[in-house]
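Chains as they are written, first to last, in our numbering: chain V, 17 to 338; chain U, 17 to 338. Have a look at the structure below before the remarks.
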């Protein structure tokens, strides 16, 4: 990831300044809530996609900086609303904003950031970028509702799971990677290459996240392991183990995931079942497949340091799982 | 109001069709939640402002229909999120969406409608309208946070109250009335006249709402009276009565509004104190002031049926208070 970080460092400095100035408000709760999350050490992977994909085409303006900040605001708004929806206590190792300022402020500051994101997009003057990102905003929300509707339902099809993660996660990755070429006025085929790169990277990224929620390949119980299990979220590891399980195992999953009856030792038992059926390995293998497709999407493009760093970052995103 | 309704009836039919088609989703919870609120008999005053102000200039296209639908979606998203923030049980005489589908769906479907609103704005191709409405989206959220920060604080200045209602309510009225002339390519002075009309109408509208929450001029206890009292919301009636009250009265307001300790008979006592200090009359008088300004904003424009109906609707908005 170092290569990509170094390549976009100067532009990212401008993104950070933009973020800081656009979270300013006389209503002091707004910068407090926004900065709690924005300064809490996210990797800024999404805005990096916008910056690097614009720089690949030698884009000389500052529109990509505003678009990258917009993407990060959209992402932050989603996190604020997700924490309310999931009733999460922690986010990135800190108390979730809703635990400090309440659900109310989390909902409203998320709305404020969305409004500011669209204002910045308007300033770039690109209707095409506005179309791409507003479409992504609707799709993300649709994916979250789809996930809500599928929650606690072990009969969820794998195809439904993939549709959920494509909408809730990969759509913003795809939009972030596409608006760089669009603002740089790149040819249609190359825009599409970057869009597909973002889409597949986002799918790989979410699959790895879902594996990590059960400790990843190592199966180590870290501090954040088991959130999905406790919330009854249907992810590929669970779908895989449930499908392959015998009657007793299926009863176990139904009790924990569908009925939410979780006792001491159940998470450990779940990890053993995932291990027994190679469910984490299956999930990571799927992430590798999408990672290969992400790399392939950029393979035909002219080699630039940006393109090469974006290809490299795919491996980093998946290596988190080990 | 009949004149305005009749004038925009044909366009409003198209707005309703647009709303119906844009709340469609394979995720069935989305049209369910959205239509619960959208079909529940709101007056559609905001989209009417957009339709009538565009028609005043003889606008021939269909951009105003999409903008009007966008405005209604922004308003609906705000209502969905507000009910979560205020923990409301009822909305327009029906159970609030959050009581039927939960807070989670209310937050997410609100986000979906915001995304769809921006998609429709993009389709109009007007960056200026996008700028006006995205700015309004940020200001509305800012106003709601401001209201949250001022909640239960009887020392809130009248100026702060006015800033809150300008942001949370009047900003969308102003934007709705401004985008009509903008899409119709009207001259700057006339855009500004419509913007001011919407702004002042919105202020009058919210003042009347805040008076009605205590029964309005009649002081009759209707089914929805007292929500603001129970939620500790600081509105002009309460500010006025608290300021004018003696030591015992101030202690009463502090107990009810700031500490939230409300017993049987307290709402009736509050109504007597509002009556004693003419607090409802003061609030409605202020609404009349803004109503006069709204009418004055349109006075210099060429007389058209649309202009005349918009001037007329000001009186209707205020007459609700009696």
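Beta carbons: idealized from backbone N, C-alpha and C, even for Gly. Model, not experiment: these values are computed from the prediction.
Neighbours of residue 45 of chain V in chain U, taken as residues at a C-beta separation under 9 Å, are given in chain order as 161, 162, 164, 165.
Below 8 Å, too few C-beta pairs join the stretch 158–172 of chain V and the stretch 107–116 of chain V to call them touching: fewer than three. Classified as buried, residue 253 of chain U has 16 or more neighbouring CB atoms from the shown chains inside 10 Å of its CB. Going by DSSP, residue 42 of chain V is part of no alpha helix (DSSP H) at all; its letter is neither H nor E.
Counting only runs of 4 or more residues that sit fully inside the stretch 168–213 of chain V, the alpha helix (DSSP H) segments are 174–181, 187–199, in chain order. Taking C-beta atoms as the reference points, residue 170 of chain U and residue 247 of chain U fail to come closer than 9 Å. Take residue 200 of chain U, set aside five residues on each side of it, and the residues of its chain with a beta-carbon closer than 7 Å to its own are 70, 73, 75, in chain order.
Around the beta carbon of residue 336 of chain V, fewer than 16 other beta carbons sit within 10 angstroms, so the residue counts as exposed.
Between residue 181 of chain U and residue 227 of chain U, the gap from beta carbon to beta carbon reaches 9 Å or more. Taking all protein chains shown into account, residue 52 of chain U has 16 or more neighbouring C-beta atoms within 10 Å of its C-beta and is therefore buried.
The distance from the Cβ of residue 26 of chain V to that of residue 136 of chain V is about 19 Å, inconsistent with a contact at the 8 Å cut-off. Any Cβ of chain U closer than 9 Å to the Cβ of residue 198 of chain V would place that residue at the interface, and such an atom is absent.
Residues of chain U whose Cβ lies closer than 8 Å to the Cβ of residue 151 of chain V are, in chain order, 131, 135.
The stretch 280–291 of chain V makes no contact with the stretch 317–336 of chain V; the number of CB pairs closer than 8 Å stays below 3. Under the DSSP assignment, residue 253 of chain V falls in the alpha helix (DSSP H) whose first and last residues are 252–260. Segment contact: the stretch 119–133 of chain V against the stretch 87–104 of chain V, three or more CB-CB distances shorter than 8 Å; contact assigned.
Legend: CB atoms of the stretch 294–323 of chain U lying less than 8 Å from CB atoms of chain V are not found in any residue. One thing to note: residue 67 of chain V has its Cβ within 9 Å of the Cβ of residue 81 of chain V. With a beta-carbon spacing of about 6 Å, residue 150 of chain V and residue 131 of chain U fall inside the 8 Å limit used to define contacts.
In the structure shown, residue 76 of chain V falls within a coil segment according to DSSP collapsed to helix, strand and coil. Counting the other CB atoms within 10 Å of its CB gives residue 234 of chain V a total below 16, which places it among the exposed residues.
For residue 34 of chain V, the enclosing alpha helix (DSSP H) covers residues 18–38.
The criterion of a C-beta distance shorter than 9 Å is not satisfied by residue 175 of chain U and residue 215 of chain U. At a cut-off of 9 Å, the C-beta of residue 128 of chain V has a neighbouring C-beta in chain U.
In the DSSP assignment, residue 145 of chain U falls within the alpha helix (DSSP H) that extends over 143–166. For residue 111 of chain V, the pairing in a beta bridge is given by DSSP as V:106. Note that the C-beta distance between residue 311 of chain U and residue 327 of chain U is below 9 Å. Contact annotation, residue 177 of chain V with residue 256 of chain V: C-beta distance approximately 10 Å; criterion of less than 8 Å not satisfied.
Residue contact check for residue 175 of chain U against chain V: no CB pair falls below 9 Å. Cα atoms of residue 35 of chain V and residue 286 of chain U: separation of roughly 45 Å, rounded to the nearest angstrom. For residue 329 of chain U, the uninterrupted alpha helix (DSSP H) run begins and ends at 321–335, by DSSP.
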